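Participant: Dumping the structure here so I can ask a few things about it.
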Amino acid sequence: MNPETATPLTSPVGDIAATGLGGATPPDMSILGLFLQADWIVKIVVVLLILASFWSWAIIIDKLRRLRRVQVQADQFEEAFWSGNSIDDLYDRIAGRPEHPMALVFVAAMREWRRATDRLTQPAANLATGLGERISKVMRVALNRELDGLERYLGFLATVGSTAPFVGLFGTVWGIMNSFSAIALSKNTSLSVVAPGIAEALFATALGLVAAIPAVIAYNKLSSDVGRFEGRLESFADEFSAILSRQLDERRP
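What the sequence shown shows, in full-length UniProt numbering, is residues 1 to 253, in sequence order.
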């Protein structure tokens, strides 16, 4: 055999590597790639969890800033209230623009007080008792209204914290079902067949935890802060009611 005309021998393994494995496109395992390759059900789950996470963080940041602001404003108001100056002067100064819950409770009580005492300089005993009850009621109404504003949207954090893991788990189950379907259709149990479905399934679970954990922590903290501030408002309302009650006693004949 002439060496110049001899056909070179090729390795079957080399042909497979060149035509089979070399030409195969590996799956995109990045976060964006997993989302684009996912089933539409999994995509909906991922989008819902991302939106819930963003909205939860918006609520958390807003509530933390608002609670910090009202605490500082309450400190400043109590300093002015207990400074020994006239509460009438304090009311005249802030009546037109009460900017925080404690001031609103104070203004509501003072408005009711002036509405009654401007008509009668020496109220009778029964009228004084009724006035004290009305002042307590208007302070309670104002207090509840302000607390409702502080607690608004906290229920959403509780809902996200309790349901987001299960929503992510639903996406996980759906992704694993797709992986098993791919195995049955291709009759191939290699990792390249099942890896994308399992990865997108675990991605949905991770997003569920990412949305739920901050929501639960923030809900517990914010609820505790609102509860402490509620106790502070109630203490101020009781003290102010006692001050007005003493003034009513002094006005009795």
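For glycine and all other residues, C-beta sits at the position ideal for the given N, C-alpha and C.
Owing to the predicted nature of the structure, the values given are computational and were not obtained by experimental measurement.
#1: With a cut-off of 8 angstroms on the beta carbons, I'd call T172 and T205 a contact; round off their distance for me.
#2: Measuring only the C-alpha atoms, how far is K63 from S181?
#3: In three-state terms, what does DSSP make of R152?
#4: Considering just the uninterrupted stretch of the alpha helix (DSSP H) at S56, what are its terminal residues?
#5: Count the other CB atoms, across all protein chains shown, that sit within 10 Å of the CB of S179; report buried if there are 16 or more and exposed otherwise.
#6: Are the CB atoms of A95 and V107 within a distance shorter than 8 angstroms?
#7: How would you write the range of the alpha helix (DSSP H) that R93 sits in, first residue to last?
#8: To the nearest angstrom, how far is it from the Cα of P101 to the Cα of K221?
#9: Does the distance from the CB of L207 to the CB of V46 come in under 8 angstroms?
#10: Checking 8 angstroms against the spacing of the C-beta atoms, do L90 and F81 come in under that value?
#11: Would S241 pass as a contact of S136 if the rule is Cβ separation under 8 angstroms?
#12: So which of L244, I44, I61 and R232 has the shortest CA-CA distance to L147?
#13: I59 to E230, Cα distance in whole Å?
#14: Mind checking W40: buried by the 16 CB within 10 Å criterion, or exposed?
#15: From V141 to G132, what distance separates their C-alpha atoms?
#16: Tell me whether G84 sits in a helix, a strand or coil according to DSSP, three-state version.
#17: Give the single residue among R228, D92, F156 and I183 whose Cα lies nearest to the Cα of L114.
Facilitator: A quick look at the data gives this:
#1: Locating residue 172 in the sequence shown gives position 172, where the first residue counts as 1. Locating residue 205 in the sequence shown gives position 205, where the first residue counts as 1. Correct: roughly 5 angstroms between the Cβ atoms.
#2: In the sequence shown, residue 63 corresponds to position 63, counting from 1. In the sequence shown, residue 181 corresponds to position 181, counting from 1. Using only the alpha carbons, I get a separation of about 46 angstroms.
#3: Taking the first residue of the sequence shown as position 1, residue 152 is located at position 152. Correct three-state label for R152: coil.
#4: Within the sequence shown, residue 56 is the residue found at index 56, counting from 1. Its alpha helix (DSSP H) spans residues W40 to F81.
#5: For the purposes of this step, residue 179 is identified with residue 179 of the sequence shown, where counting begins at 1. S179 should be labelled buried.
#6: The residue labelled residue 107 in the question sits at position 107 within the sequence shown. The residue labelled residue 95 in the question sits at position 95 within the sequence shown. Yes. Within cutoff.
#7: Residue numbering aside, residue 93 sits at position 93 when the sequence shown is read from its first letter. Per DSSP, R93 belongs to the alpha helix (DSSP H) from I87 to I94.
#8: Taking the sequence shown and counting its residues from 1, one reaches residue 101 at position 101. Taking the sequence shown and counting its residues from 1, one reaches residue 221 at position 221. Each residue's Cα considered, the two are about 20 angstroms apart.
#9: Reading the sequence shown from its first residue, position 207 is the one you call residue 207. Reading the sequence shown from its first residue, position 46 is the one you call residue 46. Yes. Within cutoff.
#10: Within the sequence shown, residue 90 is the residue found at index 90, counting from 1. Within the sequence shown, residue 81 is the residue found at index 81, counting from 1. Contact flag set, yes.
#11: As a position in the sequence shown, residue 241 is number 241, starting the count at 1. As a position in the sequence shown, residue 136 is number 136, starting the count at 1. Yes. Within cutoff.
#12: Residue numbering aside, residue 147 sits at position 147 when the sequence shown is read from its first letter. When each option's Cα is compared against that of L147, the closest is R232.
#13: Looking up residue 59 in the sequence shown gives position 59. Looking up residue 230 in the sequence shown gives position 230. Using only the alpha carbons, I get a separation of about 20 angstroms.
#14: Taking the sequence shown and counting its residues from 1, the one referred to as residue 40 is at position 40. So W40 ends up on the exposed side.
#15: Along the sequence shown, one-based indexing puts residue 141 at 141. Along the sequence shown, one-based indexing puts residue 132 at 132. The straight-line gap from Cα to Cα measures roughly 14 angstroms.
#16: For this step, residue 84 is matched to residue 84 along the sequence shown. The answer is coil: DSSP assigns G84 none of H, G, I, E or B.
#17: Stepping through the sequence shown from its first residue, residue 114 is reached at position 114. Residue identity check: residue 114 is Arg in the sequence provided, not Leu. Comparing Cα positions, the closest option is D92.
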